[in-house]
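Numbering (the working numbering), first residue to last: 2 to 192. Written below as structure tokens is the structure these notes are about.
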Amino acid sequence: MIIAVSGKGGTGKTLVSSLLIKALSGREMDILAIDADPDSNLPEALGVDVHKTVGDVREELKEDTAKGRIPTGMNKWDILDYKIMESIIETPNFDLLVMGRPEGSGCYCAVNNMLRRIIENLSSNYDVIVIDTEAGLEHLSRRTTQNVDVMLVVTDKSKRGILTAQRIGQLAEELEIKFQELYLVLNRVNT
Numbered sequence: 002m003i004i005a006v007s008g009k010g011g012t013g014k015t016l017v018s019s020l021l022i023k024a025l026s027g028r029e030m031d032i033l034a035i036d037a038d039p040d041s042n043l044p045e046a047l048g049v050d051v052h053k054t055v056g057d058v059r060e061e062l063k064e065d066t067a068k069g070r071i072p073t074g075m076n077k078w079d080i081l082d083y084k085i086m087e088s089i090i091e092t093p094n095f096d097l098l099v100m101g102r103p104e105g106s107g108c109y110c111a112v113n114n115m116l117r118r119i120i121e122n123l124s125s126n127y128d129v130i131v132i133d134t135e136a137g138l139e140h141l142s143r144r145t146t147q148n149v150d151v152m153l154v155v156t157d158k159s160k161r162g163i164l165t166a167q168r169i170g171q172l173a174e175e176l177e178i179k180f181q182e183l184y185l186v187l188n189r190v191n192t
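Okay, structure coming up:
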């Protein structure tokens with residue numbers, strides 16, 4: 002099962018993701034937590050130190066390719082898969098993969114393409130994958146959450162938060178991205 006947590010920045014996506022991961026980790030499940038937000042706050046929320054991100058792996062591979070350091074007989078994808086596996090942080094209760102950010106300015110397209118490939122390749126190794134997405138709608142337009150079973154859209158009571166939640170639903174529909182289950186999580190609401 003793949004669960005994605007999305008919404009406007011500052012609404013509590015990382016909090017919801019970390020609480021979900023902690024709740025699931027009490028069960029007999031293999032869990033992969035993915036921090037797909039370039040700001041990478043999930044490791045801190047989970048109490049995990051990060052030494053290597055997918056962004057770091059991408060930069061290493063770019064440099065190795067430019068300097069001709071790719072071993073003969075291996076293609077870049079095989080090396081990428083190997084290095085990604087090395088960057089997964091294993092804890093007693095869950096594994097963690099942090100996307101990080103690529104060096105310099107510009108588009109996150111390559112890292113998002115890598116994320117899609119990672120999810121596809123690793124989904125059969127885990128009972129549950131929880132993705133803490135970047136803020137906003139990019140995860141939909143870049144299709145990093147295209148094969149998600151459950152989408153949790155986190156919002157607060159602000160107009161911008163609710164409009165972003167609504168746009169996430171609309172964009173998913175426009176792009177024909179289907180979820181088995183879609184939930185709205187209201188955070189910071191007094192009852």
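For every residue, glycine included, the Cβ atom is placed at its ideal position computed from N, Cα and C. Since this is a predicted model, take the numbers as computed values, not measurements.
Exercise for the section: Quick one: residues in its chain with C-beta nearer than 7 Å to the C-beta of ILE22, no 5 flanking neighbours on either side, listed in chain order? Expected result: ILE32, ALA34, LEU47, PHE95 and VAL131
Handout entry: Inter-residue Cα distance where the pair is GLY13 and THR156
Key = 7 Å
Handout entry: Stretch pair the region 68–84 + the region 175–187: three plus CB contacts closer than 8 Å
Key = no
Exercise for the section: Flag ASP65 as yes if its beta-carbon sits less than 8 Å from any beta-carbon of chain C, otherwise no. Expected result: Here there is only one protein chain, and chain C is not present.
Handout entry: Under the three-state DSSP convention, the category TYR184 falls into
Key = strand
Exercise for the section: Go ahead and pull the three-state DSSP assignment for VAL1. Expected result: In the structure as shown, the chain begins at 2 and stops at 192. Residue 1 is therefore absent and cannot be evaluated.
Problem - Simplified DSSP state of LEU33, which is helix, strand or coil - result: strand
Practice task
Excluding the 5 residues preceding and the 5 following ASP150 in the sequence, name in chain order all residues of the same chain whose CB lies nearer than 8 Å to its CB.
Solution key: MET2, ILE3, ILE4, PHE180, GLN181 and GLU182
Exercise for the section: Starting from VAL51, follow its DSSP beta bridges and name the residues at the other end. Expected result: Note: VAL51 sits in no beta bridge, so no partner.
Practice task
Measure the C-alpha to C-alpha separation of ALA166 and PRO93 and round it to an integer number of angstroms.
Solution key: 34 Å
Exercise for the section: Spatial neighbours of SER88 within its chain, please: CB distance less than 6 Å, with the 5 preceding and 5 following residues excluded, ordered by chain position. Expected result: LYS53 and VAL58
Problem - Check whether VAL49 and ILE85 have beta carbons under 8 Å apart - result: no
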